[in-house]
Structure formats: C-alpha cells, structure tokens
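Asker:
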Amino acid sequence: MPSKKVRIHFEGNTLECRPGTTVAAALWENGVRHLSHSPKYGRPRGLTCARGHCTACLMRVDQIPNVRTCELTVREGMEVGRQEAGTFYAAPMQKILATGSAFFPVGFYYKWFTRPPFLSRLFLDGIRPMTGVGRLPGGGSRPLALPPVTETPASGAPTATDLGRFDTVVVGAGPSGLHAAATATGRVLILDDHRLPGGQRHGALRRLADQPDSNLTRFPVLKSLLDRIEKARNLADTRDDLTFLERTKAIAGYHPDRLVLRRDDLLQTVQFDNLVWAAGALDTLGLFPGNDTPGVIGPRALYRLLVRDGLGIEGRQVLVIGNGPDFWLSAALLDTTGAKFSLVPTGDGGGDEISAAVDLQWPLNTGLTLDGISERGEGRLQASFVAGSPGAGEAGTRLSMEADLAVICGRGKPAYDILYQLGANLKLQPDLGGFTLPLSDDPNDGEYVAVLSGGSRLVAIGEACGDLPGRHHISADGVEKP
Amino acid sequence: MIPLSSGPIPATADAVIIGGGVNGLTTARELAREGLKNIVILEKNYIGSGSTGRCGGGIRQQWTTEENIRLAQESVAMYENMSAELGYQVFFRQGGYLMITESEDDLPALRDAVALQNRCDVPTEFLQPGECLKLVPDLDVSHLKGATFCPKDGTAYPFAVVWGYARACHRAGVKIFIRSQVTGISADDGRIRTVHTDRGDIATERVINCAGPWARSIAAMVGVQLPNKQERHEIMVSESLKPFLDPMVISITNGIYFSQSMRGEIVGGIGDPSEPGLNGPSHFDTRSQLRFAVRFAKALLRYYPRAGQVRMMRQWAGMYDVTPDHRPILGGVPGLDGYYHICGFSGHGFMLGPVTGRKMARYISTGQPDDIITSLSLDRFEKGDLKPDAFVVG
Amino acid sequence: MSKSKVFLCCCEDVTLQEFRDAFTEGFTELESLKRYTGVGTGFCQGKGCLSEAAGELAALRDIPPCDVRLTNIRPPAEPLTFAQLATLDAPDPLDDPGSDT
Numbered sequence: 001m002p003s004k005k006v007r008i009h010f011e012g013n014t015l016e017c018r019p020g021t022t023v024a025a026a027l028w029e030n031g032v033r034h035l036s037h038s039p040k041y042g043r044p045r046g047l048t049c050a051r052g053h054c055t056a057c058l059m060r061v062d063q064i065p066n067v068r069t070c071e072l073t074v075r076e077g078m079e080v081g082r083q084e085a086g087t088f089y090a091a092p093m094q095k096i097l098a099t100g101s102a103f104f105p106v107g108f109y110y111k112w113f114t115r116p117p118f119l120s121r122l123f124l125d126g127i128r129p130m131t132g133v134g135r136l137p138g139g140g141s142r143p144l145a146l147p148p149v150t151e152t153p154a155s156g157a158p159t160a161t162d163l164g165r166f167d168t169v170v171v172g173a174g175p176s177g178l179h180a181a182a183t184a185t186g187r188v189l190i191l192d193d194h195r196l197p198g199g200q201r202h203g204a205l206r207r208l209a210d211q212p213d214s215n216l217t218r219f220p221v222l223k224s225l226l227d228r229i230e231k232a233r234n235l236a237d238t239r240d241d242l243t244f245l246e247r248t249k250a251i252a253g254y255h256p257d258r259l260v261l262r263r264d265d266l267l268q269t270v271q272f273d274n275l276v277w278a279a280g281a282l283d284t285l286g287l288f289p290g291n292d293t294p295g296v297i298g299p300r301a302l303y304r305l306l307v308r309d310g311l312g313i314e315g316r317q318v319l320v321i322g323n324g325p326d327f328w329l330s331a332a333l334l335d336t337t338g339a340k341f342s343l344v345p346t347g348d349g350g351g352d353e354i355s356a357a358v359d360l361q362w363p364l365n366t367g368l369t370l371d372g373i374s375e376r377g378e379g380r381l382q383a384s385f386v387a388g389s390p391g392a393g394e395a396g397t398r399l400s401m402e403a404d405l406a407v408i409c410g411r412g413k414p415a416y417d418i419l420y421q422l423g424a425n426l427k428l429q430p431d432l433g434g435f436t437l438p439l440s441d442d443p444n445d446g447e448y449v450a451v452l453s454g455g456s457r458l459v460a461i462g463e464a465c466g467d468l469p470g471r472h473h474i475s476a477d478g479v480e481k482p
Numbered sequence: 483m484i485p486l487s488s489g490p491i492p493a494t495a496d497a498v499i500i501g502g503g504v505n506g507l508t509t510a511r512e513l514a515r516e517g518l519k520n521i522v523i524l525e526k527n528y529i530g531s532g533s534t535g536r537c538g539g540g541i542r543q544q545w546t547t548e549e550n551i552r553l554a555q556e557s558v559a560m561y562e563n564m565s566a567e568l569g570y571q572v573f574f575r576q577g578g579y580l581m582i583t584e585s586e587d588d589l590p591a592l593r594d595a596v597a598l599q600n601r602c603d604v605p606t607e608f609l610q611p612g613e614c615l616k617l618v619p620d621l622d623v624s625h626l627k628g629a630t631f632c633p634k635d636g637t638a639y640p641f642a643v644v645w646g647y648a649r650a651c652h653r654a655g656v657k658i659f660i661r662s663q664v665t666g667i668s669a670d671d672g673r674i675r676t677v678h679t680d681r682g683d684i685a686t687e688r689v690i691n692c693a694g695p696w697a698r699s700i701a702a703m704v705g706v707q708l709p710n711k712q713e714r715h716e717i718m719v720s721e722s723l724k725p726f727l728d729p730m731v732i733s734i735t736n737g738i739y740f741s742q743s744m745r746g747e748i749v750g751g752i753g754d755p756s757e758p759g760l761n762g763p764s765h766f767d768t769r770s771q772l773r774f775a776v777r778f779a780k781a782l783l784r785y786y787p788r789a790g791q792v793r794m795m796r797q798w799a800g801m802y803d804v805t806p807d808h809r810p811i812l813g814g815v816p817g818l819d820g821y822y823h824i825c826g827f828s829g830h831g832f833m834l835g836p837v838t839g840r841k842m843a844r845y846i847s848t849g850q851p852d853d854i855i856t857s858l859s860l861d862r863f864e865k866g867d868l869k870p871d872a873f874v875v876g
Numbered sequence: 877m878s879k880s881k882v883f884l885c886c887c888e889d890v891t892l893q894e895f896r897d898a899f900t901e902g903f904t905e906l907e908s909l910k911r912y913t914g915v916g917t918g919f920c921q922g923k924g925c926l927s928e929a930a931g932e933l934a935a936l937r938d939i940p941p942c943d944v945r946l947t948n949i950r951p952p953a954e955p956l957t958f959a960q961l962a963t964l965d966a967p968d969p970l971d972d973p974g975s976d977t
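Residue numbers (this note's numbering), protein chains in the order written: chain A, 1 to 482; chain B, 483 to 876; chain C, 877 to 977.
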C-alpha cells in the first residue's frame with residue numbers, strides 16, 4: 001500500500017524515504033552506503049550494528065553532531081550530512097596514515113615532533129583541528145533543539161522522572177526475561193527496547209510464522225525458539241500486576257541499586273531490590289581483514305533493519321556466513337523479502353538445517369572459511385573465502401562472492417556494561433561469548449548471580465550470561481531448566 | 483619502549499619510591515638525574531592508576547599566596563619544556579584558565595590575587611563579565627560578577643606525562659615494578675632499613691612516600707602520622723567534538739570546572755558539598771554516582787547552555803589526598819633518617835608534581851632543603867604555621 | 877593483493893596489529909593499552925571491542941582469559957546529553973562509606 005514519502009535532504013540532494021524508517025536505512029536504500037569516516041584512517045563506515053551500539057552511523061542531523069542515524073526516524077525536511085574531517089589537510093593526512101601505516105607505528109604522535117618546544121607547539125596546533133568527530137554548531141547561547149527520535153507517542157507508559165522502587169526489575173523481555181518477570185515476587189517492572197515483549201528474535205520469527213506456507217516447520221530449531229517465546233509471553237500475561245515499559249533501554253547502572261532508563265528522549269530512574277539481567281546479546285562480527293567494511297552486519301542488525309525499519313532489500317544480494325540458530329533465522333527471514341541470498345554455513349553441526357535448506361533449493365556453499373571482506377565501489381562487498389577448514393590458508397582454493405550486505409552469524413556477546421557499573425565481578429569467558437557473571441559458587445544455585453553492595457541481588461539469565469538461544473535455559477527463581 | 487621490570491624485586495636499592503603516579507615517577511627521574519643509582523619504584527596497580535590517571539589534567543598559576551604562585555609558576559615552566567625534555571609528547575596546551583564568580587564578595591580578593599600574580603610576573607587579567615565573551619563566546623555571563631584570566635595556564639594529558647616520565651626513568655636505569663604492593667617498612671635506630679613487599683624485601687636507606695591517597699597508610703608503617711584525609715571527587719568526559727572551547731573555565735561559586743582536551747572531549751567536574759571533607763571520615767571510594775552527573779549537567783548548562791546538546795560519555799571518580807591547608811606535605815620527619823614524603827596535594831598533584839619532584843630530589847641527594855620544602859614540611863601543622871590559599875577550587 | 881586491516885576498535889581505528897605492537901612496547905595491562913591505543917575509548921565505549929581486546933591480551937600474555945582484569949566500565953552505557961541529564965533530580969548522597977577500589 002503506497003503511503004506518502006518523506007523527503008530528507010542529504011548533502012545537496014533530496015531523497016525520498018518510506019515514512020517510519022530510520023535515516024540510516026533510508027540512506028542505504030537510496031544508495032548512500034558510507035555514513036561516516038573513521039577518525040584516524042578516514043575509512044568509510046556504514047551499517048554495522050543498526051541498534052545504537054556503535055559509531056558507524058553517526059552523522060550530522062539538523063546541525064546536531066554525532067546523531068545515531070540508525071535510531072532516528074526520518075522526518076520531512078530533515079537535513080542530514082556526513083561529518084567532515086575538520087580541516088583541509090585532514091583527509092590527505094588520513095590517507096597518508098592509512099596507506100603508510102607501517103611507517104606510523106602505534107603511538108607515533110607521542111614520540112615525534114617533541115623538540116624543540118616551538119615545533120611541539122606547532123604540532124599540537126596542527127593536529128587540534130583534526131581531533132574530534134562532530135562539530136558543535138556555533139551561534140548564541142540558545143540551547144539547540146533536540147530532534148525528536150521518533151514521532152510515535154508511547155502508549156500508557158509512566159512518564160514520571162523517578163519510577164520509584166520495585167522489588168524486581170527485569171531488563172529484557174525475551175523468553176528468559178518474561179519467565180523471570182512472570183515468576184518474580186512483589187512489584188515487578190520489565191522493560192525492553194522493542195515495542196512488544198518477545199525479545200530480539202520475536203519480530204523475525206513472527207514474520208516467518210505469518211507467511212502463507214511458512215518455512216518455520218522445516219526448521220524445528222526456529223519453531224522451538226518461537227514456541228518458547230510465546231509460552232513465556234503467555235505466562236507473563238497471567239500476571240496483571242507487571243509494569244511493562246516498551247521501547248525502553250537501560251542506559252546506566254549506578255551502585256548499589258539504581259538504573260537510568262531511556263525511552264526516546266525521556267530519561268527515568270528506577271531502584272530495585274533484585275535485578276534480573278536478561279538483556280540478551282550483541283552481535284559479534286569477529287576479527288578478520290575488512291571487518292569494518294560498511295554493510296558487514298550481524299543477525300540482530302538484520303532483524304532490526306528488516307522487521308522494524310522495513311529495509312527495502314528486494315533484489316539485493318545478501319551473504320549469510322556462520323552458524324547457529326541466527327544463521328538459519330536470517331536465511332529464512334531473507335527468503336520472505338525477495339532478496340537474493342547465498343549461504344555459507346561454517347563450523348560443525350546444522351546438518352538438519354542444511355538438509356532443509358537443500359530441499360528449499362537455497363544457494364549453499366559448505367566447506368568454506370571466511371578470509372576477508374573488502375569493498376568494491378560504494379556499498380558493494382566482496383567476501384573472499386578459502387576452501388577447507390580454518391588454517392587451510394594459502395593451500396586451499398580461493399573463492400569470492402559479491403553482495404550488498406554480509407550477515408556474520410555466530411555466538412552473540414553478552415551485554416555487560418551495566419552489570420559492571422552495578423559492581424558485578426565479571427570474568428572473560430570466551431566460550432560464553434565475552435564478559436559475563438561467573439556461575440555462582442553455591443552448587444544449589446546454578447545461576448549467574450552477584451550480590452551487590454547494599455544487598456541487592458543481580459541475576460543474569462539467557463544470552464546475557466552466555467546461554468545459546470533455545471539450547472539451555474538458566475532462569476532466575478528456578479523456573480524451567482531443560 | 484616503556485619496559486616495566488618483570489624480573490624479581492632486587493634485594494637492595496639506593497632509594498625505594500612508593501607510588502607510580504606523577505609524584506613517584508617525576509621524583510625518581512629527578513633523583514636519577516641527581517646521580518643516584520639503583521632506584522626502584524613500587525606501584526601496586528599500574529602506573530598512573532591512582533589519582534594521577536583520574537584527574538582532569540589542569541595546570542594553573544592563579545593562586546593567592548606568593549609561595550603558591552611561585553611554585554606553580556615553576557611548574558608551568560617545566561610543563562612548557564616537558565615534551566622537549568622528555569622526548570615524549572605530553573599534550574600541554576596553554577589555553578588559559580578563566581576563573582569566574584557570581585558573587586560581588588569575591589571581587590576584592592580576586593583583584594588582590596591578580597595584583598599579586600602580576601607582581602610575580604604571571605600575566606593574569608581581571609575581567610568584567612562581558613569581557614569573558616572574547617575568550618568563551620557562548621558563555622552565559624548573565625550570572626557573573628567578575629572573572630580572572632591567565633593565558634599561560636593550561637592542561638596536559640596525565641597518562642602522557644606518566645608514560646613520558648616512565649620512559650625517562652627507564653633510560654636512566656630506574657626499575658619500575660607494577661602489581662607490587664608494599665606490605666611494611668622496617669626502621670631501627672632512627673634509620674630506614676627495609677621495605678617489605680608482596681614480592682620480597684628490599685634493603686634500602688631511603689624510602690620516598692609518593693602514594694597519594696594511600697600515603698597516610700604508608701606513613702603509618704613507620705609511625706608517621708599524617709593529617710591527610712581522602713576525599714572522593716567525580717569527573718566526567720564528553721563525546722569528542724571539533725575544538726570550540728579554548729580555556730579551562732572554573733567557577734569559584736559552585737566549584738564546576740570544564741575544559742576541552744586535545745582529543746576534543748569536554749573534561750570537567752564539580753565538588754559536592756555533601757562529601758565528608760576534612761571534618762568527616764575519609765571517603766575511600768572511586769565509584770560513580772548519578773548525583774554527580776545531574777549536578778554537573780545543571781551547573782554546566784548554567785554557564786554554557788550551548789552544551790545542552792553535548793553528550794556525556796562517561797564519568798569516574800578519583801581520590802584527593804587532602805591536608806588541613808590544602809597544600810602538599812614535603813620533606814622528611816625528624817628522628818627518622820631516610821624517610822621522605824611527597825603527598826597531600828589536595829587535588830593539585832598533577833600540576834605541582836614535576837616541580838616538587840625536582841625539588842625533593844635535590845633535597846634528598848644534597849640534604850639541603852629549599853625554602854618551599856621547609857615551608858611545606860609536616861611540622862607546620864603543629865606550629866600552626868598555615869598559609870592556605872583564599873580559594874579552594876578544582 | 878594487499879590485505880585489508882583487521883580492526884579491533886572501529887570507533888578509534890585501532891588495528892589488531894597496533895594493539896599487539898603496543899603490548900610489545902610494554903603496555904601489558906588492559907587499562908594502559910586502552911589509553912595508549914585508544915581501544916574502548918570511543919563513542920561505543922568498548923561495546924564492540926573490549927571483550928576481543930581482553931581475549932587478545934590473554935593470548936599475548938599467555939594467561940587464561942578469566943585472569944584478564946576488565947577495565948573500569950563507567951556509566952552511562954550510552955552517551956547522554958547534558959540537557960537530558962538536567963531533567964533528572966539529583967539523588968541524595970549515598971550513606972555508604974565505600975571501598976578501596
């Protein structure tokens with residue numbers, strides 16, 4: 001159903017955008033794939049996390065610097081621009097640094113141009129205009145107007161600045177969080193950055209399930225993910241005393257028991273006696289040559305772009321590389337969009353899913369290892385692979401594939417910032433994806449628990465403590481341990 | 483290279499310096515220049531991990547007693563040449579300090595201070611509120627009654643100073659041991675004998691207490707009672723933006739300070755009157771509070787509304803090692819040969835560390851204290867011989 | 877064909893090689909590596925890179941990953957404008973004597 005397009009201005013051009021989409025998505029659809037340039041090497045950056053966690057989409061919007069365009073809904077007349085390097089010699093300097101990086105060792109700016117004193121001052125004066133990312137616009141003591149982040153008013157959610165104290169606050173309304181909220185005692189607040197409870201994969205799974213002749217049943221791993229979410233939602237629905245905050249993120253933790261929440265531009269604070277951290281995981285793209293290339297994204301970015309932002313991807317080429325349930329969910333989701341996709345499953349397992357993919361005649365390339373990604377022109381990726389297992393190196397056959405997007409799927413990284421800020425003692429556990437709470441010492445506990453100063457209890461569950469989706473569920477208050 | 487010693491702790495040393503922050507590192511380097519060999523620095527965490535690495539990096543000469551002004555002036559001169567001398571960039575930028583006040587009552591003391599500073603050849607000017615706009619175009623001067631500005635004040639990057647001095651120490655043969663904690667100090671016959679650490683003992687005749695907030699507990703190991711109290715101060719940094727603010731701005735009225743670093747970030751803090759301070763218990767805590775973020779934001783917008791759209795990136799806290807007159811404690815103590823302390827900088831360790839390190843190194847190697855060391859010795863508290871500064875800010 | 881760089885920290889343009897070089901220079905703690913190379917100090921405040929940097933440091937020091945001390949992750953977890961912060965009420969000071977950290 002056609003609806004009136006929104007027009008935004010980008011560097012002298014007027015672009016037409018679907019209403020309700022984000023600036024970053026709209027630019028991508030209009031062929032603008034480079035949203036910013038990195039500070040030292042001037043490398044182009046573009047769609048990466050798509051969820052407001054990284055730096056790649058920072059642009060100047062209506063004069064305001066460093067706006068995350070992946071979280072900003074388009075508005076008629078908006079002026080969007082890339083942030084410049086700062087001075088006429090900045091871009092050439094970045095090029096020299098990038099191509100000659102072997103001659104500019106790490107920290108070279110600490111050791112060069114230090115003497116005599118006048119040269120040192122000259123050096124500092126010279127680099128100062130190059131530092132910094134955005135530019136604060138000049139003019140008067142009037143505060144600048146904040147652009148509204150979205151136009152949609154929140155429905156019924158409390159707007160008081162201080163939400164007071166709850167017995168239990170659950171961050172994240174995915175299956176683990178919903179379970180915890182349903183079974184927690186006392187006054188419970190649960191929040192999630194989506195509009196509806198269900199978590200990171202819910203929108204994508206529902207999209208799949210709602211297709212006529214859905215592929216969901218061909219992928220039992222995906223069906224069981226959706227079943228688990230729906231079961232948890234139903235369980236949470238049986239409580240009529242839960243406060244659910246939609247489109248709300250926890251953005252800071254202050255010891256011993258305070259969170260700062262954000263919904264659009266509204267900040268709220270809340271205190272808790274118990275905190276259940278079920279905030280899921282962040283995409284991890286991995287360390288490989290060209291890992292910063294615009295258009296290299298993770299599955300959570302894909303779900304956000306396709307389901308919430310409605311990214312127009314029909315006819316585009318997408319590579320899906322990796323393994324795990326997100327690999328198959330990404331593939332199945334892409335299959336509903338009219339995108340052309342190629343799958344490169346890596347690692348062990350997934351035999352049943354591969355068979356299903358073969359039955360569906362999805363393009364599959366097994367036995368490959370990703371060697372690197374580079375850009376061919378603006379926004380076109382080239383991924384290089386080596387046949388054989390990791391380490392085959394130069395000996396294996398090389399293969400390359402081109403795409404508009406590459407989705408790297410694997411284990412997510414537990415979001416740990418706020419846990420640390422609240423005083424939790426985190427450990428790096430690579431097999432769980434990153435930093436997370438260590439398993440409690442109490443053998444009867446079986447939980448990832450911390451007791452904070454002041455006595456508050458903090459529990460991490462689900463992917464926030466390194467669980468793989470749908471495989472093994474550790475829950476607060478001993479609910480459902482398959 | 484900043485190779486940190488990873489071998490065993492040596493069994494003997496000519497001097498053991500406790501603390502790997504600005505005081506320990508500058509003193510060690512200066513001692514080495516004075517000709518002392520076999521110097522060991524013991525740092526319980528990593529170099530710069532204490533107050534030095536947490537501070538805002540401000541360096542000013544705008545003080546209200548001649549002694550304080552002269553000391554700071556010497557320090558600024560050292561900072562002006564530091565990068566060249568160390569062969570390491572410390573990012574010292576002299577954007578000046580603009581000290582503002584909302585109270586008429588402060589103006590006489592400010593004018594006196596400017597006059598005194600000028601007599602010491604410090605180029606400070608007294609400004610009317612409107613004149614501040616030349617320096618900070620978007621400052622909201624509607625609340626102000628007056629200000630002072632010294633163009634030679636500035637900021638440097640604390641970690642660059644730490645690394646630069648560490649390299650110079652290494653080149654001079656000083657051994658720096660990190661992750662090494664002092665567990666005790668033995669003395670007998672009025673002499674220092676041994677420093678005990680969690681990695682072994684070091685026999686030495688000289689121990690120099692540069693432990694910042696931990697100086698009091700180190701001093702207690704040899705029975706020296708310091709009147710220092712520890713205060714928690716919070717500080718924050720903003721997103722990185724192209725340069726738009728040249729000076730450091732400090733308000734005498736509410737204690738806020740903010741400046742823009744060489745990385746383009748606004749660095750700033752504000753004191754909290756609810757902190758225990760000198761009259762309360764020591765508050766040993768480096769955790770952050772929302773209270774600070776909100777108070778800082780409100781105070782910043784009062785003077786600089788343009789910052790409304792600037793984003794705070796992160797906040798943290800550090801400890802001030804505070805003395806009753808907010809001035810450092812230098813020198814030694816009678817009856818205990820070989821023990822020295824360089825502590826109590828009350829929030830000004832970074833700006834004064836290099837100069838006090840140089841003076842103390844000279845004293846330690848020659849035995850001749852200069853006037854400032856005598857003036858700032860521990861016994862001044864007993865004698866009641868205190869000359870505090872008129873304004874305690876930053 | 878020259879290989880593209882492998883980026884450890886995309887916000888501050890720190891490559892994996894630079895991180896390793898800094899380690900060789902003597903920066904053996906995550907806190908000092910962070911400050912020297914810039915890893916984790918950009919707009920994302922380490923979300924994209926700190927776990928990876930810690931894992932790399934564990935490999936360089938040949939110690940188990942759980943022995944790498946995490947750097948101080950300071951609030952907030954997302955940049956907030958001063959105008960937004962000013963809408964909140966400053967909570968009362970804590971009655972907590974704190975600890976030596």
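All C-beta atoms in this analysis are idealised placements derived from N, C-alpha and C, irrespective of residue type, glycine included.
Would you identify the three-state DSSP class for Pro490 (chain B), choosing helix, strand or coil?
Answerer: Within the second sequence, the letter at position 8 stands for residue 490 (chain B). Here Pro490 (chain B) sits in coil by DSSP.
Asker: With 7 Å as the C-beta to C-beta threshold (strictly closer), list the residues of the segment 722-735 of chain B near chain A in chain order.
Answerer: Hits within the stretch, in order: Ser722, Leu723, Lys724, Pro725, Phe726.
Asker: Rounded to whole angstroms, what's the CA-CA distance from Ala781 (chain B) to Cys887 (chain C)? Just pull it up for me.
Answerer: Along the second sequence, one-based indexing puts residue 781 (chain B) at 299. Along the third sequence, one-based indexing puts residue 887 (chain C) at 11. Using only the alpha carbons, I get a separation of about 30 Å.
Asker: Work out the CA separation of Gly800 (chain B) and Glu71 (chain A) for me, nearest whole Å.
Answerer: What you label residue 71 (chain A) is simply residue 71 of the first sequence in a count that begins at 1. What you label residue 800 (chain B) is simply residue 318 of the second sequence in a count that begins at 1. Rounded to whole angstroms, Glu71 (chain A) to Gly800 (chain B) spans 34 Å at the Cα level.
Asker: Can you find a CB in chain B that lies within less than 8 Å of the CB of Lys223 (chain A)?
Answerer: Here the question's residue 223 (chain A) lines up with position 223 in the first sequence. Output row for Lys223 (chain A): interface = no.
Asker: Cβ closer than 8 Å: which chain B residues qualify as neighbours of Gly86 (chain A)?
Answerer: The residue given as residue 86 (chain A) occupies position 86 in the first sequence. The contacting residues are Lys724.
Asker: From Lys4 (chain A) to Arg258 (chain A), what distance separates their C-alpha atoms?
Answerer: Within the first sequence, the letter at position 4 stands for residue 4 (chain A). Within the first sequence, the letter at position 258 stands for residue 258 (chain A). Each residue's Cα considered, the two are about 43 Å apart.
Asker: Going along chain A, which residues have a C-beta under 9 Å from Ile939 (chain C)?
Answerer: In the third sequence, the residue the question calls residue 939 (chain C) occupies position 63. Going along chain A, no residue has its Cβ under 9 Å from Ile939 (chain C), so there is no contact; the nearest lies around 10 Å.
Asker: At what residue ranges does the segment 60-108 of chain A contain a whole run of the beta strand (DSSP E), taking only runs of 3 or more?
Answerer: Segments of the beta strand (DSSP E) lying fully in the segment 60-108 of chain A: 64-68, 79-81.
Asker: Return yes when the Cβ of Ala25 (chain A) is within less than 8 Å of the Cβ of Leu305 (chain A), no when it is not.
Answerer: Taking the first sequence and counting its residues from 1, the one referred to as residue 305 (chain A) is at position 305. Taking the first sequence and counting its residues from 1, the one referred to as residue 25 (chain A) is at position 25. Cβ distance < 8 Å, so Leu305 (chain A) and Ala25 (chain A) count as in contact.
Asker: In terms of residue numbering, what span does the beta strand (DSSP E) encompassing Asn691 (chain B) cover?
Answerer: Counted from its first residue, the second sequence places residue 691 (chain B) at position 209. It spans 689-691 - the beta strand (DSSP E) in which Asn691 (chain B) sits, taken as one unbroken run.
Asker: Examine chain B for any beta-carbon lying closer than 8 Å to the beta-carbon of Gly134 (chain A), and answer yes or no.
Answerer: Your numbering for residue 134 (chain A) matches position 134 in the first sequence. Gly134 (chain A) counts as touching chain B.
Asker: On a CA-only basis, which of B:Gly538, B:Gly501, B:Cys537, B:Met703 is nearest Thr665 (chain B)? Give me that one, please.
Answerer: To locate residue 665 (chain B), count along the second sequence from 1; it is residue 183. Out of B:Gly538, B:Gly501, B:Cys537, B:Met703, B:Met703 has the C-alpha closest to the C-alpha of Thr665 (chain B).
Asker: Under a CB-based cut-off of 8 Å, is Gln771 (chain B) close to chain A?
Answerer: Counting from 1 along the second sequence, the entry for residue 771 (chain B) is found at position 289. Yes, Gln771 (chain B) lies at the interface with chain A (some Cβ there is under 8 Å from its Cβ).
Asker: If the criterion is Cβ atoms closer than 8 Å, does the pair Ile717 (chain B) and Gln610 (chain B) meet it?
Answerer: As a first step, residue 717 (chain B) must be located in the second sequence, where it is residue number 235. As a first step, residue 610 (chain B) must be located in the second sequence, where it is residue number 128. Contact: no.
Asker: Output the boundary residues of the beta strand (DSSP E) element that contains Asp803 (chain B).
Answerer: If you number the second sequence from 1, residue 803 (chain B) lands on position 321. Note, Asp803 (chain B): beta strand (DSSP E), 793-804.
Asker: Tell me, to the nearest whole angstrom, how far the beta carbon of Thr637 (chain B) is from that of Gly577 (chain B); I am working on the premise that it is less than 8 Å.
Answerer: The residue given as residue 637 (chain B) occupies position 155 in the second sequence. The residue given as residue 577 (chain B) occupies position 95 in the second sequence. Confirmed, Cβ separation roughly 7 Å.
Asker: Pop quiz: Gln83 (chain A) and Pro105 (chain A) are said to be a contact at Cβ under 8 Å. What is the actual Cβ separation, rounded to whole angstroms?
Answerer: Locating residue 83 (chain A) in the first sequence gives position 83, counting from the first residue. Locating residue 105 (chain A) in the first sequence gives position 105, counting from the first residue. Gln83 (chain A) to Pro105 (chain A), Cβ: 27 Å. No contact.
Asker: Output yes if chain B places a C-beta closer than 8 Å to the C-beta of Phe958 (chain C); else output no.
Answerer: As a working mapping, residue 958 (chain C) is identified with position 82 in the third sequence. At least one chain B Cβ lies under 8 Å of Phe958 (chain C).
Asker: Rounded to the nearest angstrom, how far is the Cβ of Val689 (chain B) from that of Val498 (chain B), given a contact under 8 Å?
Answerer: For the purposes of this step, residue 689 (chain B) is taken as the residue at position 207 of the second sequence. For the purposes of this step, residue 498 (chain B) is taken as the residue at position 16 of the second sequence. That pair is a contact at about 5 Å.
Asker: Within 10 angstroms of the Cβ of Val149 (chain A), are there 16 or more other Cβ atoms? Answer buried if so, exposed if not.
Answerer: What you label residue 149 (chain A) is simply residue 149 of the first sequence in a count that begins at 1. Interpretation of Val149 (chain A) is limited by its pLDDT of 44, a score under 50 that renders its predicted location unreliable; the figure taken from the coordinates is listed afterwards. Counting Cβ neighbours within 10 Å, Val149 (chain A) comes out buried, since at least 16 surround it.
Asker: With 16 as the cutoff for other CB atoms within 10 Å, does Thr159 (chain A) come out buried or exposed?
Answerer: Position 159 of the first sequence, counted from the start, is the residue given in the question as residue 159 (chain A). When all chains shown are included, Thr159 (chain A) counts as exposed.
Asker: Let me see if you follow: with CB-CB separation under 8 Å, is Glu562 (chain B) close to chain A or not?
Answerer: Numbered from its first residue, the second sequence carries residue 562 (chain B) at position 80. For Glu562 (chain B), the answer is yes, since a Cβ of chain A falls inside 8 Å of its Cβ.
Asker: Going by other Cβ atoms of all chains shown within 10 Å of its Cβ, with 16 needed for buried, is Gly122 (chain A) buried or exposed?
Answerer: Residue numbering aside, residue 122 (chain A) sits at position 122 when the first sequence is read from its first letter. Reading off the sequence, residue 122 (chain A) comes out as Leu, not Gly. It counts as exposed.
Asker: Identify whether Asn291 (chain A) lies in helix, strand or coil by the three-state DSSP scheme.
Answerer: As a first step, residue 291 (chain A) must be located in the first sequence, where it is residue number 291. Looking at Asn291 (chain A) - three-state DSSP - the assignment turns out to be coil, as it is neither helix nor strand.
Asker: Does DSSP put Pro44 (chain A) in a helix, in a strand, or in coil?
Answerer: In the first sequence, counting from the first residue as 1, residue 44 (chain A) sits at position 44. Pro44 (chain A): strand per DSSP, three-state reduction.
Asker: Taking contact to mean at least 3 C-beta pairs separated by less than 8 Å, is the segment 199-206 of chain A in contact with the segment 221-229 of chain A?
Answerer: Because the criterion of three Cβ pairs below 8 Å is met, the segment 199-206 of chain A and the segment 221-229 of chain A touch.
Asker: Gly20 (chain A): which of A:Leu302, A:Ile8, A:Asn13, A:Gly12 sits nearest, CA to CA?
Answerer: Position 20 of the first sequence, counted from the first residue, corresponds to residue 20 (chain A). Gly20 (chain A) has its Cα closest to that of A:Ile8, out of A:Leu302, A:Ile8, A:Asn13, A:Gly12.
Asker: Does the beta-carbon of Asn425 (chain A) have 16 or more other beta-carbons within 10 angstroms, so that it is buried, or is it exposed?
Answerer: Position 425 of the first sequence, counted from the start, is the residue given in the question as residue 425 (chain A). Classification for Asn425 (chain A): exposed.
Asker: Whose Cβ in chain A lies nearer than 8 Å to the Cβ of Val643 (chain B)?
Answerer: Counted from its first residue, the second sequence places residue 643 (chain B) at position 161. Within 8 Å Cβ-Cβ: nothing; Val643 (chain B) doesn't reach chain A, min ~11 Å.
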